[in-house]
Amino acid sequence: LMTRWTAHYLAYTRLLDLRPSLQHMVKDDEYRPVNQRQIVDPKLKRAAKRKAQEMVDLIKDALFWHSLARIENHLEPLAMAANITQADNARLDSVLLTFAFLYHHFDQLSDPDDESVREAVTGTIDERWMKADQDVFIAAMILHPAYMTRPFRKDPTTGVFFSVANIFTLMSRLYHRFFHTLPPRSLRDDIRDYLEGKGRYSAFPALFGRQQMPTTDGQVSTSINV
């Protein structure tokens, strides 16, 4: 299993950037008389000459470059995700949004040649999510005043993902877990005011507005299916 997504992505990107120069270098060398060639130098030992010729053939192989570009396209969102989640200022809500971004990107792959990649990445994310401390991640998203419940997929019947009662149950469970005591009686009202931008939270809508989650194709997605 390949890891270190950013290192691989940068290496492949740089190699693709060098494609014109490498191909020009090979073509220029092939125009030289055999005894003056510098890449497949006739003076090289047999093993070295064979290796040089393999590299020349690879540089001239259009399928190699096509495959490399395809891999780079798959590595880019993984490299972005690695940078976000490994940053010093990474938070639980940004981790959850990053997982959703990755799932959305790879789940949208429609080329049959990408089917194995799509299944591998989305399957891994599903598996990780099932093992994750879901309550904490969901609560962190809800408690981000710029997102609240907006990024979550709406229930087709009710039109909402979480009711105040659902969120109260979630927060009560976490409160007891963290502080080993029951939550204050005001928690339900605080949750309602927070979600509706009332009371002490009345300034939140103007301060934070609505955030959207970018995708690699320049579109935005605000739906996380949990």
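In my numbering, each number is its position in the sequence shown, counted from 1, plus 128. Beta carbons: idealized from backbone N, C-alpha and C, even for Gly.
Measure the Cβ-Cβ separation of residue i and residue j and say whether it is below 7 angstroms.
i	j	result
histidine 233	proline 205	yes
isoleucine 319	valine 292	yes
valine 168	lysine 177	yes
threonine 134	alanine 207	yes
arginine 165	aspartate 157	yes
Could you tell me if residue i is buried or exposed, where buried requires 16 or more neighbouring beta carbons within 10 angstroms of its beta carbon?
i	result
valine 249	buried
aspartate 345	Low per-residue confidence applies at aspartate 345: pLDDT is 44, beneath 50, and the placement is therefore not dependable enough to give any value.
phenylalanine 227	buried
tyrosine 275	buried
phenylalanine 280	buried
phenylalanine 290	buried
glutamine 347	Residue confidence is low: glutamine 347 scores 44 on pLDDT, short of 50, so the model does not pin down where it sits. Its coordinate-derived value is still stated next. It counts as exposed.
phenylalanine 307	exposed
alanine 101	Outside the displayed span of the chain (129 to 354) sits residue 101, for which this structure offers no information.
Cutting at 6 angstroms between CB atoms, please list the residues of its own chain near residue i, excluding the five before and the five after it.
i	result
phenylalanine 265	Leu220, Leu224
leucine 237	Arg246
Here's a check: name, in chain order, each residue in its chain whose Cβ is nearer than 7 angstroms to the Cβ of residue i, leaving out the five neighbours to either side.
i	result
lysine 171	none
isoleucine 212	Ala218, Ser222, Thr226
tyrosine 322	Tyr329
Within a Cβ cutoff of 8 angstroms, which residues of the same chain sit near residue i, ignoring the five residues on either side of it in sequence?
i	result
tryptophan 193	Leu144, Arg147
leucine 150	Ile187
Given this structure, state the Cα-to-Cα distance separating residue i from residue j, to the nearest angstrom.
i	j	result
glutamine 316	asparagine 217	According to the sequence shown, residue 316 is arginine rather than glutamine. Going from the Cα of arginine 316 to the Cα of asparagine 217 covers about 30 angstroms.
glutamate 243	threonine 252	14 angstroms
glycine 325	alanine 331	7 angstroms
leucine 335	proline 273	9 angstroms
aspartate 239	isoleucine 199	13 angstroms
alanine 209	aspartate 254	16 angstroms
alanine 139	glycine 327	53 angstroms
- Query: Touch check for the stretch 311 to 325 and the stretch 293 to 303: three-plus C-beta pairs under 8 angstroms?
  - Reply: yes
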